[in-house]
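Residue numbers (the working numbering): 15 to 322. We treat Cβ as the ideally placed atom computed from N, Cα and C, and that holds for glycine.
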Amino acid sequence: MNNAIEIRDLKKTYPAQGKSPEKVALKGVSLDIPRGSMFALLGPNGAGKSTIINIMAGLVMKSEGVVNIWGTDIDENPRQSRANIGIVPQEIVMDPFFSPARALEIQAGFYGIAPKDRKTAEILEMVGLSDKANSHMRSLSGGMKRRLMVAKAMVHMPPILVLDEPTAGVDIELRRQLWANVKELNAQGMTILLTTHYLEEAQELCDKIAIINHGEVVACEDTETLLGRINNKEITFRLDREFDDVPEALKAFGAVKEGKRRVKILFSPEETEVGQMIDAIQKSGFGISDISTEDSDLEDVFLQITRS
Ligand code: ADP
Ligand code: MG
């Protein structure tokens, strides 16, 4: 199996509680997360991201569907599937009295890892906290505390690391530090799955993005493909007189006629320059009486996809 995680038709309905009615959180999610990838679940608050993560972590019972983590079905072998994954929760939970090394030892104890098998020093090295191994927790910066959270999720050396909204409410400096750290872990071979509602984060970090909305996957593509879609611009030229057919030189740009005097062109600014279009129009013997453009960025595409 080449996928680190396979999810098939995953459904979750939270039962009614007191006055709140039952809530359909996942409507049938299917996802393949390739081994070694850096994969983003991108979506607005309430989309169902944490529900997916918590089902994988064994913290939430699914209603229907199949989840396989590193070759192990979570129903068939919940213990093993949990051992295959390390989850970094959104909130920093930290005992102020222990040093980072001690905190990792205790965490390893929770996982039943014998002292001789613990990899405390190695893990601290991986998250760049070797210098702070025996320091007082108080002396750790916010970014270091986050990194320690990542380290704690790694005590059992899982092949997959999951970060649920790793940088929600974190300032830009910390965010960049954490990104660099996560990238390094991925470069060392770890499969990374992260949830985020920041487009920039998914774009900067991940090679593949699944957009989740209202409990459904609405897009799942390589980041580059998604960005290609987003990179589209629209330009409309109003020519100085009416014409019947789009001038030949403009057809090469995929121009379409709009009304009697306008042509519209969809293009990617990375591949085509507006100057080339203007040249083509002038060479065809037309003047330009007006130009208007419309941009679409990731934000637009995201809104477009998630509007429904
Ligand atoms: P996200 O992580 O994308 O913000 P969640 O998975 O936390 O989304 O939530 C998805 C939906 O399920 C939301 O409508 C949320 O209110 C609902 N939900 C989440 N957890 C519970 C729960 N324990 N009980 C009832 N509804 C829940
Ligand atoms: Mg969440």
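Report back the beta-carbon spacing between residue i and residue j to the nearest angstrom; my notes put them in contact at under 8 Å.
i	j	result
Ala325	Ile279	In the structure displayed, the chain extends from 15 to 322; residue 325 sits before or after that span and is not available.
Ile137	Ala165	5 Å
Leu240	Ile223	6 Å
Ala71	Ile106	Contact flag wrong, Cβ pair sits at about 17 Å.
Ala115	His170	About 16 Å separates the two Cβ atoms, so there is no contact after all.
Leu199	Ala54	No, Leu199 and Ala54 are not in contact; Cβ-Cβ is about 15 Å, not under 8 Å.
Leu118	Thr134	5 Å
Ile69	Leu207	Contact doesn't hold; Cβ gap of about 13 Å is too wide.
Ala18	Thr205	4 Å
Lys247	Glu179	Contact doesn't hold; Cβ gap of about 32 Å is too wide.
Gly50	Gly203	6 Å
Ile88	Ser95	4 Å
Could you tell me which of the options sits nearest to residue i, measuring between CA atoms?
i	options	result
Gly79	Ser44, Gln94, Met291, Glu119	Ser44
Ala61	Leu40, Glu272, Ser51, Lys76	Leu40
Arg276	Glu235, Lys133, Pro261	Pro261
Asp304	Arg252, Arg152, Met151	Arg252
Lys63	Leu177, Glu20, Pro29	Leu177
Val231	Asp221, Pro58, Gly142	Pro58
Leu175	Thr134, Val141, Gln290, Gln217	Val141
Arg160	Leu143, Glu215, Phe300, Asn148	Leu143
Asp109	Gln296, Arg93, Leu162	Leu162
Tyr28	Ser51, Met75, Pro172	Met75
Ala216	His228, Ile292, Thr181, Gly203	Thr181
Arg214	Lys33, Leu56, Leu24, Val38	It is worth fixing the name first, because residue 214 is Glu in this sequence and not Arg. The option with the nearest alpha carbon to Glu214 is Leu56.
Val38	Asp131, Lys26, Ala201, Pro103	Lys26
Ile67	Thr210, Gly301, Lys197, Ser34	Thr210
Phe257	Ile295, Pro129, Glu284	Ile295
Gln290	Met151, Lys271, Glu272, Ile249	Ile249
Gly273	Gly32, Asn246, Asp259	Asp259
Gly42	Asp221, Pro103, Gly183, Val81	Val81
Gly85	Val184, Lys265, Glu20	Glu20
Gly156	Lys265, Pro129, Ile186	Ile186
What residues are listed by DSSP as bridge partners for residue i?
i	result
Glu308	Glu248
Cys234	Ala224
Asp46	Glu20
Tyr3	Residue 3 is absent from the structure shown; the chain starts at 15 and stops at 322.
Met52	Ile206
Asp131	Bridge partners of Asp131: none, in fact.
Asp87	Asn82
Ile106	BP columns for Ile106 are empty, so no partner.
Val176	Ile101, Leu207
Leu253	Ile302
Val400	No answer is possible for residue 400: it lies beyond the span of the chain, which begins at 15 and ends at 322.
Taking 7 Å as the cut-off, is the beta-carbon of residue i closer than that to any non-hydrogen atom of ligand 2?
i	result
Thr209	yes
Asp185	no
Leu179	A small fix is needed here, since residue 179 is Glu in this sequence, not Leu. Yes, the beta carbon of Glu179 sits closer than 7 Å to at least one heavy atom of ligand 2.
Go through the residues and name those whose CB comes closer than 5 Å to any heavy atom of ligand 1, in chain order.
Tyr28, Lys37, Ala39, Asn59, Gly60, Ala61, Gly62, Lys63, Ser64, Thr65
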